[in-house]
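Undergrad: I'd like to ask some things about the structure below.
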Amino acid sequence: DQPADFDRNKAYTTTQTLLNKYGDQVNGIWAATDSMALGALQAVREAGRAGEVKIASAADATPEGLGAIANGELLSTYTTDPYFNGAMGLAICYQAMTGGVDVESLPRESREFYVDQSLITASNVDQFLAVPTDEEIVRSVQDPFSRITGPVAR
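The sequence shown lines up with residues 3 to 156 when you count with the working numbering.
Structure follows, in structure tokens:
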């Protein structure tokens with residue numbers, strides 16, 4: 003357990019230290035974000051062990067992270083679909099302002115909620131590399147509550 007404090011450069015230097023200290027004993031790295039995973043990947047590449055040391059990221063689905071998954075250098079990442087999240091927030095505001103939804107009457111589970119998450123691996127990375135069209139985003143937020151997976155637990 004070596005924290006990198008959500009910092010790509012710190013993940014890079016931490017990974018260098020681990021690789022220098024433990025050598026071939028290092029066979030896997032988990033990072034909380036794509037940024038840290040990419041810092042670790044840089045150190046792994048420089049050590050000549052890209053593809054050998056398995057690296058997984060817990061979140062973000064950044065374009066660079068997705069590219070590394072497509073190239074087989076990262077195992078995975080997660081996304082909550084930032085395009086949908088941004089569009090959903092605006093759609094709810096728009097509907098509230100135009101009378102499409104009465105915010106005051108919404109139950110708690112429609113005020114605080116989770117949305118779908120997707121695990122991205124080499125088997126499905128291509129579908130996440132494409133930026134959705136405006137039409138796809140509009141279609142996905144016509145009912146901004148359609149992809150809610152459940153209320154926030156209290």
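A virtual CB, placed ideally from N, CA and C, is assigned to each residue, including glycine.
Would you mind stating whether A52 and T79 have Cβ atoms separated by less than 8 Å?
TA: Using a Cβ distance threshold of 8 Å, A52 and T79 do not count as a contacting pair.
Undergrad: My output table needs one value for A33: the three-state DSSP class, helix, strand or coil.
TA: strand
Undergrad: Mind checking who T79 pairs with in its DSSP beta bridge?
TA: According to the DSSP secondary-structure assignment, T79 is paired through a beta bridge with I122.
Undergrad: The alpha helix (DSSP H) that contains F8, what's its start and end?
TA: Here F8 belongs to no alpha helix (DSSP H), and DSSP marks it neither H nor E.
Undergrad: If you draw a straight line from the C-alpha of A13 to the C-alpha of D128, how long is it?
TA: 27 Å
Undergrad: On a CA-only basis, which of T64, D9, T81 is nearest Q119? Give me that one, please.
TA: T81
Undergrad: Could you give the distance in angstroms between the alpha-carbon of V140 and the alpha-carbon of E66?
TA: Take the alpha-carbon of V140 and the one of E66: they are about 26 Å apart.
Undergrad: Tell whether a beta-carbon distance below 8 Å holds between L131 and A72.
TA: yes
Undergrad: Taking buried to mean at least 16 other C-beta atoms within 10 Å of its own C-beta, is P84 buried or exposed?
TA: exposed
Undergrad: With burial defined as no fewer than 16 other Cβ atoms inside 10 Å of the residue's Cβ, what is the status of A39: buried or exposed?
TA: buried
Undergrad: Take D145 as the anchor and find which of T100, A42, A93 has the nearest alpha-carbon.
TA: A93
Undergrad: Once you ignore the five residues that flank R113 on each side, which residues in its own chain have a CB closer than 6 Å to its CB?
TA: Contacts found: none.
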